[in-house]
Amino acid sequence: MVFLELIALVVIFWLWFLSGFNLDPGRTVTADSLCGYLAAAGGVGVLAVAAAAIAARAGAVVTVVSQALMAALICVIVFGGAAAQSHQDRLCRDTPSATGCKSGDD
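Using our numbering, read the sequence shown as starting at 178 and increasing by one per residue.
Right, here's the structure in full:
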């Protein structure tokens with residue numbers, strides 16, 4: 178289960194990376210807001226908590242521990258990403274021409 182959750186997280190954040198990827202050197206592209214991708218990662222965390230609860234009821238201690246660790250890791254990723262996105266949003270509000278900010282003429 179941990180392997181599948183890690184694959185899901187890699188896919189989610191790879192899609193976020195690809196949202197800001199462009200091979201056209203004449204065009205400046207900024208990545209999408211991280212908030213939607215963090216919500217998807219949070220969904221994976223909710224599934225990890227549910228799996229831990231089901232495993233606890235079944236008495237599978239190793240699964241409970243591994244799913245609790247995954248839920249904690251995802252929690253750190255989500256809150257860290259939210260803090261980074263908040264910082265970027267504040268930077269773009271204060272200085273709209275900063276690197277990584279979308280211009281109004283896109």
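All C-beta atoms, glycine included, are put in the ideal place defined by N, C-alpha and C. Treat the numbers as computed from the prediction; the structure is a model and nothing was measured.
Let me check understanding here. Comparing Cα to Cα, which of the options lies closest to residue i?
i      : options                           : result
Tyr214 : Ala275, Ala185 and Pro273         : Ala185
Met247 : Ala232, Val226, Gly257 and Val238 : Val226
Val179 : Phe194, Gly257 and Gln244         : Gln244
Leu224 : Leu183, Gly257, Ala237 and Phe194 : Leu183
Cys278 : Ile251, Leu250, Val206 and Phe198 : Val206
Report all residues from its chain with a CB closer than 8 Å to the CB of residue i; omit the five preceding and five following residues, and keep chain order.
i      : result
Leu192 : Tyr214
Under 7 Å Cβ to Cβ from residue i, same chain only, skipping five residues before and after it: list those, please.
i      : result
Gln262 : Ser210, Leu211 and Cys212
Ser196 : Ala208 and Asp209
Leu181 : none
Tell me which residue opens and which closes the alpha helix (DSSP H) that residue i is part of.
i      : result
Leu211 : Neither: Leu211 is in no alpha helix (DSSP H) and is coded neither H nor E.
Thr240 : Val238 to Asp271
Phe194 : Val179 to Ser196
Exposed or buried, residue i, counting other C-beta atoms within 10 Å across all chains shown (16 or more means buried)?
i      : result
Ile231 : exposed
Ile189 : buried
Ala216 : exposed
Gly222 : buried
Ala218 : buried
Asp201 : exposed
Going by the CB atoms, is the gap between residue j and residue i shorter than 7 Å?
i      : j      : result
Val241 : Ala259 : no
Leaving out the 5 sequence neighbours to the left and right, which residues in its chain are closer than 6 Å to residue i when beta-carbon positions are compared?
i      : result
Val255 : Leu215, Ala218 and Gly219
Asp282 : Unreliable placement is indicated for Asp282, whose pLDDT of 45 sits below 50; no coordinate value is reported for it.
Arg270 : none
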